[in-house]
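Here the structure comes first, spelled out in structure tokens, and everything after it is commentary.
Residue numbers (our numbering), protein chains in the order written: chain A, 1 to 301; chain D, 1 to 511.
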């Protein structure tokens, strides 16, 4: 089932070859490898690659940021490259798949192994959506501590730029970012709260000169892609008439949630409303799609 | 000379009559023998009886004494036959008539006094049913037996006193039942008023209490899960008479009624540790004893650190959770213990406990979290109606008003609503052999939880959006029924359903 591409092959990714001695001699893969990598045409999977990496302990903030950015970027035709680990990588892959975009997963293990195994559904979804699964290891090679780091160089090597969504100071995402710098690729970083452990790495990258990303445009500009107004996946704007009228409990709740995500209890206290009433209202608002809940906290969609 | 002293044997909650036949043969070598499937405690009774009789200043007869416990094929256990055996021997020495329609039970001490013995309450129930009029039991066990009206319970301090009574020299006065209220720990350790914040969790506990629903609380250490659980007994309605009898029976069988104790009128709050053994928790042993789940009958079983409980125990709880009783089968006997309890479980969201904690960082990776959460068996989670996440409360962020417990609702006020909701339910289920919303089966739901079109639409929409399973769908209806009962209305409205959805099963993954 797995096939192989050698470094001498014409269809070996050009960008990856540029990393010189670090480029893997062989690449095993699953999925539909395009016929020629340097063929002209915008539909090329290796043409516009963006590496998206993030902490394994992605926070709800990191996940929301990844979903929002990647949905738009992937829908605009940029290929999302990541390492198939749980957390940041998984969020990036699945956002790309959901948006109908292309995505490449670079595995730290033999091509016949799915690691982590419980992400099997995602693995299949990637393949079904014309994505690629790549590894430099053959057969049933089990992932090793060092192979994760080795994998990072391919993730960086394939991509024109690396986007770090969330990372702690000792995160593997920073290794990918340093490879990117070494290969002369662009580094993007999503700013986070200064208190969060998994924002310390991204903030460090910004200090060192990485570009701050606040919206998909920031990255799409780099790829010289015009913003596609029709984004598949989640609806971004809501019809204004749907938004509750001023003064109602719903409106007050939305006012509070715009500032920061809150738990039901905190909303009840802030508005001096009983837990029963607040629960009822929150459920109804969530069903109407005004708000959403994540990790126990509600936020405005 | 052959003397028959009637006593009883308790097999689980069932009581059967046992005749203690004492024969003092004038021929043969002196000796003391007990036959009739007696266990070790019964066999050792020989030494206690011999010493106790000597201690009363009576010469122990140098004859061949044989005791038969009839029927001979029922296993007998425990120390309760000390008194009937001693009475049999005394009767042949002192030549007194055995009183009519009487039952004897009690463990002897070497000095001739009687000790508190388990099963007195069960014997009293048996006596009432089968027309026995007099019970002779140790003084400490007399009060519990006297809870049953219409029989005379004689409290016995020692053998001398008893022989005087039986020789009609000095009568013992039958005990007058009195309800013991001191020495009973207050059922609730906390008042709901003392719990700051946690508005939604408190509401969920109220709903759970009102409908008898099982509830699970997931939250970081120190977020107040245990405090909430321990405040729960304070809002539960007291046991009614039938329930009190049921609970007291189980406690009598387990030997858990304290000396001088009376009928159990409070709902039990049992909080076994997660290292408890399976027979200890579920019930069992070679001679089946009731476990914690039966002692929590009609009360609350609080399982703290639920994911730490062994899988085997969780799976064993499934059947009692569904049926409200447990049958323990052994080759020689089959025992049924009621176990209709409210399960209150609490768990940490991840191994380190700080997943989604606002201040502390979780050090677990997603794989560890997945594994940890998978420890709770799915079928058990399926039987839990209310799921809530508990977030730690930072009281420094509270205003003075919010910190002032005077403004918070007390347990007493919540209890009133709960009692009214329960009354509504007992009226509703009069002819259905169930007593709370949590026990409704699908037929009951169809009958008592008719949903208006808009309410059903909300539920359908929610089950799509939140991916509720079919079972969860039914759970939401049950919970909405209870919320409507708390509101004292018959019709389940959109608001009731929407609130119920707050307590739907969730996965607590780091999302």
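Ideal Cβ placement from N, Cα and C applies to all residues, glycine included.
Keep in mind the model is a prediction, meaning the values are calculated, not measured.
In whole angstroms, give me the CA-to-CA distance for residue i and residue j.
i, j, result
"residue 231 (chain D)", "residue 212 (chain D)", "15 Å"
"residue 37 (chain A)", "residue 147 (chain A)", "Per-residue confidence for residue 37 (chain A) stands at a pLDDT of 48, beneath the threshold of 50, marking its modelled position as unreliable; the derived number appears in the next sentence. When rounded, the distance between both Cα atoms is 26 Å."
"residue 181 (chain A)", "residue 95 (chain A)", "25 Å"
"residue 18 (chain D)", "residue 6 (chain D)", "6 Å"
"residue 71 (chain A)", "residue 49 (chain A)", "15 Å"
"residue 234 (chain A)", "residue 65 (chain A)", "For residue 234 (chain A), the predicted structure reports a pLDDT of 44, less than 50, and the residue's modelled location is therefore unreliable. A value from the coordinates is still provided. The straight-line gap from Cα to Cα measures roughly 13 Å."
"residue 386 (chain A)", "residue 292 (chain A)", "As displayed, chain A neither begins before 1 nor continues past 301, which places residue 386 (chain A) out of reach and without an answer."
"residue 437 (chain D)", "residue 74 (chain A)", "49 Å"
"residue 123 (chain A)", "residue 349 (chain D)", "27 Å"
"residue 17 (chain A)", "residue 197 (chain A)", "35 Å"
"residue 49 (chain D)", "residue 80 (chain D)", "12 Å"
"residue 90 (chain A)", "residue 57 (chain A)", "11 Å"
"residue 241 (chain A)", "residue 288 (chain A)", "For residue 241 (chain A), the pLDDT reaches just 43, beneath the cut-off of 50, and the residue's location in the model is therefore unreliable, although a value from the coordinates is still provided. Straight-line Cα distance between these residues: approximately 13 Å."
"residue 194 (chain A)", "residue 200 (chain A)", "7 Å"
"residue 320 (chain D)", "residue 242 (chain D)", "20 Å"
"residue 521 (chain D)", "residue 64 (chain D)", "For chain D, the structure presents residues 1 to 511; residue 521 (chain D) sits outside this window and is missing."
"residue 85 (chain A)", "residue 29 (chain A)", "17 Å"
"residue 451 (chain D)", "residue 493 (chain D)", "8 Å"
"residue 279 (chain D)", "residue 249 (chain D)", "19 Å"
"residue 37 (chain D)", "residue 326 (chain D)", "26 Å"
"residue 509 (chain D)", "residue 381 (chain D)", "Confidence at residue 509 (chain D) is low in this model, with a pLDDT of 43, below 50, so its placement is unreliable and no value can be given for it."
"residue 27 (chain A)", "residue 121 (chain A)", "23 Å"
"residue 209 (chain A)", "residue 178 (chain A)", "12 Å"
"residue 440 (chain D)", "residue 107 (chain A)", "50 Å"
"residue 363 (chain D)", "residue 377 (chain D)", "24 Å"
"residue 159 (chain D)", "residue 175 (chain D)", "17 Å"
"residue 365 (chain D)", "residue 88 (chain A)", "12 Å"
"residue 298 (chain D)", "residue 238 (chain D)", "10 Å"
"residue 329 (chain D)", "residue 13 (chain D)", "14 Å"
"residue 400 (chain D)", "residue 97 (chain A)", "50 Å"
"residue 214 (chain D)", "residue 264 (chain A)", "21 Å"
"residue 61 (chain A)", "residue 215 (chain A)", "14 Å"
Per DSSP, what are the beta-bridge partners of residue i in this structure?
i, result
"residue 79 (chain A)", "A:49"
"residue 270 (chain D)", "D:301"
"residue 346 (chain D)", "D:217"
"residue 5 (chain D)", "D:20"
"residue 106 (chain A)", "A:134"
"residue 152 (chain D)", "D:134"
"residue 291 (chain A)", "A:300"
"residue 338 (chain D)", "D:325"
"residue 29 (chain A)", "A:3, A:134"
"residue 115 (chain D)", "D:107"
### Query
Name the residues in the region 470 to 492 of chain D whose C-beta lies less than 8 Å from a C-beta of chain A; which are they?
Taking 8 Å as the Cβ-Cβ cut-off against chain A, the residues of the region 470 to 492 of chain D that qualify are 483.
### Query
Would you call the region 10 to 25 of chain A and the region 97 to 115 of chain A touching, i.e. three or more CB-CB distances under 8 Å?
The way I'd put it, the region 10 to 25 of chain A doesn't touch the region 97 to 115 of chain A; fewer than three beta-carbon pairs between them come closer than 8 Å.
### Query
Fully enclosed by the region 438 to 501 of chain D, which alpha helix (DSSP H) runs are 4 residues long or longer?
Those alpha helix (DSSP H) runs which fall completely within the region 438 to 501 of chain D and span 4+ residues are 442 to 448, 453 to 465, 470 to 486, 494 to 501.
### Message
Check whether the region 126 to 139 of chain A and the region 186 to 193 of chain A touch, using three or more Cβ-Cβ pairs below 8 Å as the test.
### Response
The answer is no - the region 186 to 193 of chain A does not touch the region 126 to 139 of chain A, with fewer than three Cβ pairs under 8 Å.
#### Entry: Members of the region 246 to 265 of chain A that neighbour chain D once the beta carbon cut-off is set at 7 Å
The residues in question are 263, 264, 265.
### Message
With three or more C-beta pairs closer than 8 Å as the rule, is the region 409 to 418 of chain D touching the region 230 to 248 of chain D?
### Response
The region 230 to 248 of chain D makes contact with the region 409 to 418 of chain D, as at least three CB pairs between them are under 8 Å.
### Message
Using 8 Å as the cut-off, can you tell me whether the region 298 to 310 of chain D makes contact with the region 336 to 351 of chain D, which would need three or more C-beta pairs spanning the two stretches below that distance?
### Response
Three or more Cβ pairs closer than 8 Å define a contact, and the region 298 to 310 of chain D meets that threshold against the region 336 to 351 of chain D.
### Query
At a Cβ cut of 8 Å, what residues of the region 408 to 439 of chain D count as close to chain A, listed as they run along the chain?
Among the residues of the region 408 to 439 of chain D, none has a Cβ less than 8 Å away from any Cβ of chain A.
### Task
Within the region 159 to 193 of chain A, note down every full beta strand (DSSP E) run reaching 3 residues or more, in order along the chain.
Complete beta strand (DSSP E) runs here, min 3: 161 to 164, 186 to 189.
### Message
Does the region 200 to 215 of chain D come into contact with the region 474 to 487 of chain D, if we say contact requires no fewer than three beta-carbon pairs (one atom in each stretch) closer than 8 Å?
### Response
Under the Cβ criterion (8 Å, minimum of three pairs), the region 200 to 215 of chain D counts as touching the region 474 to 487 of chain D.
### Task
Could you pull out every unbroken alpha helix (DSSP H) segment of at least 4 residues lying fully inside the region 156 to 197 of chain D, listed in chain order?
Listed in chain order, the complete alpha helix (DSSP H) runs (minimum 4 residues) inside the region 156 to 197 of chain D are 159 to 166.
### Task
Could you tell me whether the region 45 to 62 of chain A touches the region 79 to 89 of chain A, where touching means 3 or more Cβ pairs closer than 8 Å?
The region 45 to 62 of chain A vs the region 79 to 89 of chain A: in contact.
### Query
Is the region 271 to 286 of chain D in contact with the region 215 to 222 of chain D, if contact means three or more CB pairs nearer than 8 Å?
Verdict: no, contact absent.
### Message
What are the residues in the region 451 to 463 of chain D lying within 9 Å of chain A by C-beta distance?
### Response
Taking 9 Å as the Cβ-Cβ cut-off against chain A, the residues of the region 451 to 463 of chain D that qualify are 458, 461, 462.
#### Entry: At least 3 beta-carbon pairs within less than 8 Å: the region 274 to 285 of chain A vs the region 76 to 94 of chain D
With contact defined as three or more Cβ pairs closer than 8 Å, the region 274 to 285 of chain A and the region 76 to 94 of chain D are not in contact.
### Query
Within the chosen definition, does the region 139 to 148 of chain D reach the region 109 to 128 of chain D through at least 3 CB pairs nearer than 8 Å?
As far as the Cβ criterion goes, the region 139 to 148 of chain D touches the region 109 to 128 of chain D, which means the pair count is three or higher.
### Task
Could you tell me whether the region 352 to 359 of chain D touches the region 389 to 400 of chain D, using the rule of 3 or more Cβ pairs below 8 Å?
Judged by Cβ distances under 8 Å, the region 352 to 359 of chain D makes contact with the region 389 to 400 of chain D, as three or more pairs qualify.
### Message
Taking contact to mean 3 or more Cβ pairs, one atom from each stretch, closer than 8 Å, check whether the region 247 to 267 of chain A and the region 469 to 476 of chain D are in contact.
### Response
Fewer than three beta-carbon pairs drawn from the region 247 to 267 of chain A and the region 469 to 476 of chain D are found closer than 8 Å, and the two stretches are therefore not classed as touching.
### Query
Relative to chain A, which residues along the region 192 to 205 of chain D have a C-beta separation below 9 Å, given in chain order?
For the region 192 to 205 of chain D, which is checked against every Cβ of chain A, the residues closer than 9 Å are 197, 198, 199, 200, 201, 202, 203, 204.
### Task
Determine, using beta-carbon pairs with one atom in the region 419 to 434 of chain D and one in the region 259 to 266 of chain D, whether at least three such pairs fall under 8 Å.
Contact between the region 419 to 434 of chain D and the region 259 to 266 of chain D is absent, because fewer than three Cβ pairs lie under 8 Å.
### Message
To be precise: take each residue of the region 111 to 142 of chain A, compare its Cβ to all Cβ atoms of chain D, and keep it if any distance is under 9 Å. Which residues remain?
### Response
Here the close residues are 116, 118.
### Task
Please list the residues of the region 362 to 374 of chain D that have a C-beta atom closer than 9 Å to any C-beta atom in chain A, keeping them in chain order.
Correct list: 362, 363, 364, 365, 366, 367, 370.
### Task
Mind listing, in chain order, the continuous beta strand (DSSP E) runs of no fewer than 3 residues lying wholly within the region 368 to 428 of chain D?
Within the region 368 to 428 of chain D, the complete beta strand (DSSP E) runs of at least 3 residues are 386 to 390.
#### Entry: Positions along the region 383 to 404 of chain D whose CB lies within less than 8 Å of some CB in chain A
Answer in chain order: 389, 391, 393, 398, 402.
### Task
Note down, in chain order, all residues in the region 67 to 90 of chain A with a beta-carbon under 7 Å from any beta-carbon belonging to chain D.
Correct list: 86, 87.
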